[in-house]
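Trainee:
2 protein chains.
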Amino acid sequence: MNSDNGYTDHIVAVLVHNNPGVLSKVTSLVTRRGFNIDSISAGPTRQNDMFRLTIVVKGDDRSIEQIQKQLYKIIDVVKVVPINKNRMAGREICLIKVKASGKERHEMLQIISVFKANVVDVGTNGFIVEITGDSDKIDSFLALLEPHQIIDVARTGIVAMNRWDNPYN
Amino acid sequence: MNSDNGYTDHIVAVLVHNNPGVLSKVTSLVTRRGFNIDSISAGPTRQNDMFRLTIVVKGDDRSIEQIQKQLYKIIDVVKVVPINKNRMAGREICLIKVKASGKERHEMLQIISVFKANVVDVGTNGFIVEITGDSDKIDSFLALLEPHQIIDVARTGIVAMNRWDNPYN
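In order, the protein sequence lines correspond to chains A and B. Under the numbering used here, the first sequence has 41 at position 41, and the numbering climbs by one with no breaks. Under the numbering used here, the second sequence has 1050 at position 50, and the numbering climbs by one with no breaks.
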């Protein structure tokens, strides 16, 4: 998304050794450079001692280049890959706990079905719904649920990788 | 999962004000307390200035209680919710870039179909596959792809919330 000040979101994938404190080193560095992290997701890779972070930050192109260079100064950082937003596969998952009773339940199930979302838990007072997709799809879905009583929203943040036809592969 | 030393994974949801540096404050605190973060995912909530983190750390029950108390000392931390692993809705998304050509492609598409995974990008040399589920499902899927050439794996880390029947709601 574009923000008001002309800055755009940048996505960077960072491969790190999973040593204690590496996550806080990476987030501190990005923050110290004056960037706010829009979202971050970090999980294990196939190499057990390696983690892959997907970080979304807002900034101009030059500053992002600077961040990439700085990240390499952290010993545990193995690789920094800029993700091209026009040529990426990007996905996010969102869990939403929402109140629904009586007629409301039926209406909500219709919205859920249209968005190909899934009900992962049903209580007497409502649902937990899971939706997967790009951030825009999740935003639209949340907007439609807005009139209902949303109790909790948990988003993973984007995971992204460059498509096969992307030269940065 | 249980680890060798008898420690188990604990999942904590942390609601924070999205002020600069809050992410690094949270990760630093957890790390300083001697815990390694197994996975972290952070995304926006419906309140624009709020973020929700799902953090998985390994430790004994008492230390996790300590972490929860300590987290409240960070000004931007609004709420800390322990997630009960037996009564939670937990999901993770994983993107896998994998080489596949010729006969291999067909074989791989069968595995993808069985796991209800999705092909989100096709190149002349392979696929990018998206799979959603709990961590065990994703681990099994990755194990099946192991004989093939996996180029990149990006996991979001778990997002989780307590089910409706959970007293911690």
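Each residue gets a CB set at the ideal place from its N, CA and C atoms; glycine is no exception. Quick caveat: nothing in here was measured; it's all calculated off a predicted structure.
1) Hey, does serine 50/A have any beta-carbon neighbour from chain B nearer than 7 Å?
2) Between the Cα of glycine 1123/B and those of Phe35/A, Gln70/A, Trp164/A and Gly43/A, spot the shortest distance and give me the residue it belongs to.
3) Comparing the C-beta of alanine 100/A with each C-beta of chain B, is any distance below 7 Å?
4) Could you check whether the segment 148-166 of chain A touches the segment 1016-1024 of chain B, counting it as contact only if at least three pairs of C-beta atoms, one from each stretch, sit closer than 8 Å?
5) How far does the alpha helix (DSSP H) with glutamate 104/A in it reach, from first residue to last?
6) Mind listing the chain B neighbours of glutamate 130/A? Cutoff is C-beta to C-beta under 7 Å, in chain order.
7) Work out the CA separation of glutamate 146/A and cysteine 94/A for me, nearest whole Å.
8) Valine 78/A to lysine 103/A, Cα distance in whole Å?
9) Return no unless some Cβ of chain B is closer than 7 Å to the Cβ of alanine 154/A.
10) Does any CB atom of chain B fall closer than 7 Å to the CB of arginine 163/A?
11) Looking only at its own chain, which residues have a Cβ that is under 6 Å from the Cβ of isoleucine 64/A, when we skip the five neighbours before and after it?
12) Alpha carbon to alpha carbon, how far is leucine 1023/B from threonine 27/A?
13) Taking 7 Å as the threshold (beta carbon to beta carbon), is serine 63/A in contact with chain B?
14) Please report how far the alpha carbon of isoleucine 1037/B lies from the alpha carbon of isoleucine 37/A, in whole angstroms.
15) Based on the DSSP secondary-structure assignment, which residues constitute the bridge partners of glycine 1021/B?
16) Name the one or two DSSP bridge partners that lysine 252/A has.
17) Closer than 6 Å by C-beta to alanine 1117/B: which residues in its own chain qualify, once you throw out the five before and the five after it? Chain order, please.
18) In the DSSP assignment, find the unbroken alpha helix (DSSP H) run with aspartate 139/A in it and report its ends.
19) Taking C-beta to C-beta, are glutamine 1149/B and lysine 1097/B nearer than 7 Å?
20) On the three-state DSSP scale, how would you describe asparagine 1005/B?
21) Select from the segment 1029-1060 of chain B all residues with a C-beta closer than 7 Å to any C-beta belonging to chain A, and list them in chain order.
22) To be precise: take each residue of the segment 1098-1122 of chain B, compare its Cβ to all Cβ atoms of chain A, and keep it if any distance is under 8 Å. Which residues remain?
23) Out of curiosity, what's the CA-to-CA distance linking asparagine 166/A and alanine 160/A?
24) Please classify asparagine 162/A as buried or exposed, where buried requires at least 16 neighbouring CB atoms within 10 angstroms.
25) Tell me which same chain residues have a C-beta within less than 6 Å of the C-beta of aspartate 1004/B, skipping the five on either side of it?
26) Kindly say whether glycine 133/A, judged by its beta-carbon, lies nearer than 7 Å to any beta-carbon of chain E.
27) Tell me which same chain residues have a C-beta within less than 8 Å of the C-beta of isoleucine 67/A, skipping the five on either side of it?
28) With burial defined as no fewer than 16 other Cβ atoms inside 10 Å of the residue's Cβ, what is the status of valine 114/A: buried or exposed?
29) Could you name the residues that DSSP lists as bridge partners for isoleucine 1011/B?
30) From glutamine 1047/B to aspartate 152/A, what distance separates their C-alpha atoms?
31) At a Cβ threshold of 7 Å, is proline 1082/B touching chain A?
32) Please report the residue range of the beta strand (DSSP E) in which alanine 1042/B lies.
33) Rounded to whole angstroms, what's the CA-CA distance from lysine 1073/B to lysine 1025/B? Just pull it up for me.
34) Helix or strand or just coil, what does DSSP make of arginine 1033/B?
Mentor: Working from what's here:
1) The sequence position of residue 50/A within the first sequence is 50, counting from 1. It should be pointed out that residue 50/A corresponds to methionine in this sequence rather than to serine. Taking Cβ atoms only, chain B never reaches closer than 7 Å to methionine 50/A, which makes this a no.
2) Working through the second sequence from its first residue, we reach residue 1123/B at position 123. It is Trp164/A.
3) By one-based count along the first sequence, residue 100/A stands at place 100. Interface criterion not met: the Cβ of alanine 100/A is under 7 Å from no Cβ in chain B.
4) Counting Cβ pairs under 8 Å, fewer than three are found: no touch.
5) Indexing the first sequence from 1 puts residue 104/A at position 104. For glutamate 104/A, the enclosing alpha helix (DSSP H) starts and ends at 103-114.
6) Working through the first sequence from its first residue, we reach residue 130/A at position 130. Proximity of chain B to glutamate 130/A at the Cβ level (cut-off 7 Å) is accounted for by Arg1091, in chain order.
7) For the purposes of this step, residue 94/A is taken as residue 94 along the first sequence, with counting starting at 1. For the purposes of this step, residue 146/A is taken as residue 146 along the first sequence, with counting starting at 1. C-alpha separation (whole angstroms): 15 Å.
8) Here residue 78/A is taken as the residue at index 78 of the first sequence, counted from 1. Here residue 103/A is taken as the residue at index 103 of the first sequence, counted from 1. Rounded to the nearest angstrom, the two C-alpha atoms are 53 Å apart.
9) Taking the first residue of the first sequence as position 1, residue 154/A is located at position 154. Output row for alanine 154/A: interface = yes.
10) As a first step, residue 163/A is located in the first sequence; it is residue number 163 there, counting from the start. True, the Cβ-Cβ gap to chain B drops below 7 Å.
11) The sequence position of residue 64/A within the first sequence is 64, counting from 1. Once the five neighbours on either side are set aside, the close Cβ partners of isoleucine 64/A are His10.
12) If you number the second sequence from 1, residue 1023/B lands on position 23. If you number the first sequence from 1, residue 27/A lands on position 27. Each residue's Cα considered, the two are about 7 Å apart.
13) The count along the first sequence starts at 1 and reaches residue 63/A at position 63. Taking Cβ atoms only, chain B never reaches closer than 7 Å to serine 63/A, which makes this a no.
14) Along the second sequence, one-based indexing puts residue 1037/B at 37. Along the first sequence, one-based indexing puts residue 37/A at 37. Roughly 18 Å separates the two Cα atoms.
15) Numbered from its first residue, the second sequence carries residue 1021/B at position 21. For glycine 1021/B, which the question treats as bridged, DSSP gives no partner whatsoever.
16) Nothing can be reported for residue 252/A, as the shown portion of chain A is limited to 1 through 169.
17) Counting from 1 along the second sequence, the entry for residue 1117/B is found at position 117. Answer for alanine 1117/B: Val1129 and Ile1131, listed in chain order.
18) As a working mapping, residue 139/A is identified with position 139 in the first sequence. Where aspartate 139/A is concerned, the enclosing alpha helix (DSSP H) stretches over 135-145.
19) By 1-based counting over the second sequence, the position of residue 1149/B is 149. By 1-based counting over the second sequence, the position of residue 1097/B is 97. The answer is no: Cβ separation not under 7 Å.
20) By 1-based counting over the second sequence, the position of residue 1005/B is 5. Bear in mind that a pLDDT of 46 at asparagine 1005/B, under 50, signals an unreliable position, so the model cannot answer this.
21) For the segment 1029-1060 of chain B, which is checked against every Cβ of chain A, the residues closer than 7 Å are Thr1031, Asn1036, Ile1037, Ser1039, Ile1040, Ser1041, Ala1042, Gly1043, Pro1044, Thr1045, Arg1046, Arg1052 and Thr1054.
22) Residues of the segment 1098-1122 of chain B with a C-beta atom less than 8 Å from some C-beta of chain A are Val1120, Asp1121 and Val1122, listed in chain order.
23) Walking along the first sequence from the start, residue 166/A turns up at place 166. Walking along the first sequence from the start, residue 160/A turns up at place 160. One C-alpha to the other measures close to 13 Å.
24) What you label residue 162/A is simply residue 162 of the first sequence in a count that begins at 1. So asparagine 162/A ends up on the buried side.
25) Numbered from its first residue, the second sequence carries residue 1004/B at position 4. Only weak support is given to the placement of aspartate 1004/B: the predicted model assigns it a pLDDT of 42, under 50, and the value that follows is read from those uncertain coordinates. Only residues of its own chain outside the window of five on either side were considered, and among them none has a CB closer than 6 Å to the CB of aspartate 1004/B.
26) Of the protein chains in the structure, A and B, none is chain E.
27) What you label residue 67/A is simply residue 67 of the first sequence in a count that begins at 1. Excluding positions up to five away in sequence, the list reads Val12, Leu29, Val30, Arg33, Phe35, Val57 and Gly59.
28) Here residue 114/A refers to the residue found at position 114 when the first sequence is read from its first residue. It counts as exposed.
29) Taking the second sequence and counting its residues from 1, one reaches residue 1011/B at position 11. According to DSSP, isoleucine 1011/B bridges with Val1056/B and Ile1083/B.
30) Within the second sequence, the letter at position 47 stands for residue 1047/B. Within the first sequence, the letter at position 152 stands for residue 152/A. The straight-line gap from Cα to Cα measures roughly 11 Å.
31) Here residue 1082/B refers to the residue found at position 82 when the second sequence is read from its first residue. For proline 1082/B, the answer is no, since every Cβ of chain A falls outside 7 Å of its Cβ.
32) If you number the second sequence from 1, residue 1042/B lands on position 42. Looking at the DSSP string, the run of the beta strand (DSSP E) that includes alanine 1042/B is 1037-1044.
33) Residue 1073/B sits at position 73 when you count from the first residue of the second sequence. Residue 1025/B sits at position 25 when you count from the first residue of the second sequence. If I take the Cα positions, the gap works out to 11 Å.
34) As a first step, residue 1033/B must be located in the second sequence, where it is residue number 33. The three-state secondary structure of arginine 1033/B, taken from DSSP, is coil.
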